[in-house]
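Contents: one structure, followed by commentary.
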Amino acid sequence: MGAGPAGLAAAVTAAQAGLAVTLIDEYPAVGGQYLRQWPAGWAPPAAPRTPAEREGHCLRQKLAALPVEVRSQTLVWGFFPPRTLGLYGPSGSSLLRAQCLILATGAYERVMPFPGWTLPGVMTVGGLQTLVKGYGIRPGQRVLLAGSGPFLLPVAVQLLEAGATVVAVLEATRPRDWLPWAGRAWGHWDKLREGWGYLRTLRRAGVRWRWGWTVTRALGGDQVEAAEVAPVADLHRSETLAVDTVGIGFGFVPATELTRLAGCRHEYRPEAGGWIPTHDERLETTTPGVFVAGETAGIGGADQALIEGKIAALASAARQGRLPPGEVQARLASLLHQRRHHQSLAAFLNMAFRPPPELYSLATEDTLLCRCEEVTVGEIRAAVRAGMTELEALKTCTRLGQGFCQGRLCGPLVADFVAHEAGCSVAEVGTYSVRPPIKPIPLEALAATGGVDKIP
């Protein structure tokens, strides 16, 4: 489930091991967000920039030559024991049962609310990238990027390549804030060179890069016309920039709706991006036969996702007796070593680029936290003062997380906000319960679901 770097690597590795493989994804083509293809005629880079992009290109070619059933534009809306998925796609609704499931469902972007963040023209950084890379749409002419983490860099460069003017890039953290975790980045010189290359491109283009700054307010009527920005250390010392688009992104959180629906145990690990399914070194969860890979197993980037996809596929093949134990162990040893290497960098990024606590003061009482149900900061603060500090209680009291997105966007945001307001840990705030359908589908799709297809 999921055809990004992890799912793609898992499908190819499993098929090469002799397993019957079905690859399911919501997008029209495999590759996910990271390996998304630029549209025809839209000035893409001459060649893949990174080793992960090059490997992804090779995996796509290998996939086409393997007997893998690819179900594109197909939504997974439910999980039913034992290892049965509810699907909805071009051919309608169906149930699919497998001996092993590898869930590589990716991640969601972390955002921070501020006045005006619901204005048209304010988007996540990943949303801007999707418009540019996936559809050849320039999201705006004068773009401001604000948030934290290295994802701001490639998206800023891609916007430049698409012909947009990047007015500024605001990184909310400062290098000195990274010192407690900097040791974990030691040895990852390839990634540091990659980041430095992006920075040099932005400098040559005259893009302003500001450390320790953030967007504090979006201004406009029917759409964004300007943005107020300020240093994180002094949010009242603001400047106004004329922009028509604002991209915000403070890293990523794992997408775990399907693993929670599958009954997997979860644990809160901030160094891995938040709540992740508990899993062993072979990436098998506490639900037998259900494996995780990529950002679902912890935020780690494309390189780590590619490795984890291979690990999960080999472990699935071993579980079904398709590969000799000695061969599996030999192949896993190198992959596990590589995974630990990448996890050290991931831990640095997830800890060093957390949103500064000062940003929780930006939202005013009437700022929306749950956009689907229009629940405001004032309502959440009142509920916290009344003693409700768990998401499930807040959901019952305020309808928080009961809209179309079922808390995918607001869940992590509100959990962080409540923990800050109540002075407790995010783990104590908890998560929402999950019920099928985990994403909106037509009611007729439920009625039309018939027998169960099985992967041989």
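In the working numbering, the protein residues as written are 5 to 460. For glycine and all other residues, C-beta sits at the position ideal for the given N, C-alpha and C. All values derive from a computational prediction rather than experimental measurement.
Three-state class that DSSP yields for residue i in the structure shown
i	result
K443	coil
A319	helix
T300	helix
W81	strand
V222	Residue identity check: residue 222 is Ala in the sequence provided, not Val. Here A222 sits in strand by DSSP.
E176	Here residue 176 is Ala; the residue named in the question, Glu, does not match the sequence. DSSP places A176 in coil when its eight states are reduced to three.
A230	strand
A50	Reliability of the predicted coordinates at A50 is poor, the pLDDT of 46 falling under 50, and no value is obtained from them.
A56	helix
L12	helix
V294	strand
V136	helix
First and last residue of the uninterrupted alpha helix (DSSP H) at residue i
i	result
H346	P329 to A356
G201	W193 to R208
D420	C414 to A426
P124	First-last for P124: undefined, no H or E at that position.
V433	V430 to V433
V161	L156 to E165
Beta-bridge partners of residue i, as assigned by DSSP
i	result
E113	F256
R75	I28
P235	W217
P143	Its beta-bridge partners do not exist; DSSP assigns none.
S98	L91
Y272	W279
L70	Its beta-bridge partners do not exist; DSSP assigns none.
E243	V233
L372	T380
Spatial distance of residue i from residue j (CA atoms)
i	j	result
A168	I442	36 angstroms
A178	W215	For the record, residue 178 in the displayed sequence is Arg; it is not Ala. About 5 angstroms.
A13	I106	11 angstroms
Q20	L70	8 angstroms
V418	K399	11 angstroms
R286	L318	8 angstroms
A462	G140	For residue 462 there is no data in the structure shown, the boundaries of the chain being 5 and 460.
E261	V438	6 angstroms
T380	T371	5 angstroms
A222	V159	20 angstroms
Q162	L203	13 angstroms
I311	A18	13 angstroms
P258	T435	12 angstroms
L63	Q145	35 angstroms
Endpoints, beta strand (DSSP E) assigned at residue i
i	result
L107	L105 to L107
K458	V456 to K458
- Message: Would you call the region 270–280 in contact with the region 155–174, where contact means no fewer than 3 C-beta pairs closer than 8 angstroms?
- Response: no
- Query: Counting Cβ pairs closer than 8 angstroms, one from the region 350–366 and one from the region 301–308, do we hit at least three?
  - Reply: yes
- Query: So does the region 82–95 actually touch the region 381–398, counting three or more Cβ pairs closer than 8 angstroms?
  - Reply: no
- Message: I'd like to know if the region 247–256 and the region 119–127 are in contact, where contact means that at least 3 CB-CB pairs between them fall below 8 angstroms.
- Response: Judged by Cβ distances under 8 angstroms, the region 247–256 makes contact with the region 119–127, as three or more pairs qualify.
- Message: Closer than 8 angstroms is the cut-off here; do at least three beta carbon pairs connect the region 220–238 with the region 356–367?
- Response: yes
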